[in-house]
Amino acid sequence: MSKVGMNMETVRYQNRALILDYINSKGPVSRTDIAAASGLTAASVTLITTRLLAEGILKETGTTVGKGAGRRRVLLDIDASAAYVIAVNIEPKDTVVAICDLKGRVLEGPGSEPLMRSMDTDKRSAPEAFLAHLCNECKELQSKLSNAQKKRLECVSIGISGLVDVQNAVSVHAYGIWDRPVDLKAIFSSRLGLPVIAENNVDAFSTAEQMYGVGRIRNDLLIIKWGPGVGSTVIIDGIIYKGRQGKAAELGHYIIDPAGKKCNCGRRGCLETFVSYSALNEIMPFAPDEFESAYLAADPQTRAKVDSAIELFARCIVNTGTLIAPSRTILAGKLFKGPLIREKLINVCSALDGTYNAESVIYTPLSDRESYVGPAAIFARKKLLEDTLAED
Ligand SMILES: [Zn+2]
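Residue numbers (our numbering): 710 to 1101.
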């Protein structure tokens, strides 16, 4: 292909992604809104949206009265049912499988039951055996789709803890789950016959935050997931910062005590060895969903120990904020579920630095979908913002 042709195509692709990105965050919107926000000409907007309507990625959702002459404008939105994905999220404690639409919502089966399964992550069997079991769960859910829905099922998207080779969909090192690389693509594609993509689970969740949550309006974010370990993601100018070998933003592995306990990562005394689910369970036994009630029921000495863990955590958050100055810090994960626990953390942050408050540190708006929305969002981003060039 000539260089000129390449450039034309790149521009066309970028304009298309620009439009879809805008509709995804603001939709439903009119073509006039799109032109005004994107700076594209009305003619380009019409051309691109007509094509997206024909492909079924956009749909018309009604009309609105425009300013002035009372002309009606057609409103456009993403057609969430344009494509479906099997979202798989594998974390040290729990694994969830769900069939989702392009807005990261779970589909319903014939009896209106959500097409979703949760199970304990089996860390004792060989990874291949557990993943084969997972594939059977996926097939079971798949069998509940109508024929029309089955045709729109396009991909298996996997979120998993630890280091992921995104290019090849290989789990390089899922800390706390497996101690060797696992070829997710080979296992899932041979059994399910669909393309397979994979991403680190916290980065996947952060992508969901960009596609469906706070990231739709804020470009610089620090996202922290608490439970079972501590995961974090830094988003700068709307892009997840990965660093060398995807190892950036490991807030959970700030070294607190070089002579401390051995951490999953191989070093000693990381923040995680003080605040992970298992570290806190040694101070105070609790189920992941009941951290706050266990804290409230604990005796004063136990609470004081938990308080010092929260203080350490808050200090690490504020220090990270000093480096990257996020416009918002977003809290996610089961241990942040309790409002009182969040308030405690925010209070410590704000005692350390007055710019921290309940507006700058917020709880994720996606909390009820946390267990599967990440991998669903990775697929939606690919489908809407990255993968569309080939279809032209
Ligand atoms: Zn560590």
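Built from N, CA and C at the ideal position, the CB exists for glycine as well.
Buried or exposed for residue i, please, with buried defined as at least 16 other CB atoms from any protein chain shown within 10 angstroms of its CB.
{"i": "I948", "result": "exposed"}
{"i": "K848", "result": "exposed"}
{"i": "G940", "result": "buried"}
{"i": "R780", "result": "exposed"}
{"i": "T830", "result": "buried"}
{"i": "G902", "result": "exposed"}
{"i": "P1084", "result": "buried"}
{"i": "V774", "result": "exposed"}
{"i": "D810", "result": "buried"}
{"i": "A1060", "result": "exposed"}
{"i": "L1105", "result": "With the chain covering 710 to 1101 only, the question about residue 1105 has no answer from this structure."}
{"i": "G868", "result": "buried"}
{"i": "R725", "result": "buried"}
Say the cut is 8 Å; is the CB of residue i nearer than that to a heavy atom of ligand 1?
{"i": "T982", "result": "yes"}
{"i": "G955", "result": "no"}
{"i": "C1058", "result": "no"}
{"i": "R861", "result": "no"}
{"i": "R900", "result": "no"}
{"i": "H882", "result": "no"}
{"i": "G961", "result": "yes"}
{"i": "G940", "result": "no"}
{"i": "N973", "result": "yes"}
{"i": "R927", "result": "no"}
{"i": "C979", "result": "yes"}
{"i": "R976", "result": "yes"}
Quick test of your reading: residue i and residue j, contact by CB under 8 Å. State the CB separation rounded to the nearest angstrom.
{"i": "P801", "j": "P937", "result": "5 Å"}
{"i": "P904", "j": "S898", "result": "7 Å"}
{"i": "R1078", "j": "T916", "result": "About 13 Å separates the two Cβ atoms, so there is no contact after all."}
{"i": "G969", "j": "G961", "result": "Contact flag wrong, Cβ pair sits at about 14 Å."}
{"i": "L893", "j": "R1037", "result": "Incorrect: roughly 32 Å between the Cβ atoms, too far for contact."}
{"i": "N973", "j": "G885", "result": "5 Å"}
Per DSSP, what are the beta-bridge partners of residue i in this structure?
{"i": "K768", "result": "D786"}
{"i": "L729", "result": "Partner(s): none; L729 has no beta bridge."}
{"i": "L825", "result": "For the record, residue 825 in the displayed sequence is Met; it is not Leu. BP columns for M825 point to A807."}
{"i": "N798", "result": "V805 and G868"}
{"i": "V720", "result": "Bridge partners of V720: none, in fact."}
{"i": "V738", "result": "L785"}
{"i": "K934", "result": "G940 and A1041"}
- At least three beta-carbon pairs within less than 8 Å, the segment 956-972 to the segment 819-832: No, because fewer than three Cβ pairs between the segment 956-972 and the segment 819-832 fall closer than 8 Å, the two stretches do not touch.
- Message: Counting beta carbon pairs with one atom in the segment 808-819 and one in the segment 997-1009, are three or more of them shorter than 8 Å?
- Response: no
- Taking 8 Å as the threshold, find out whether the segment 835-851 comes into contact with the segment 757-767 through three or more Cβ pairs. no
- Query: Can at least three beta-carbon pairs, one atom from the segment 853-869 and one from the segment 785-800, be found at a separation below 8 Å?
  - Reply: yes
- Looking at C-beta atoms only, is the number of pairs between the segment 874-888 and the segment 1055-1068 that lie closer than 8 Å three or more? no
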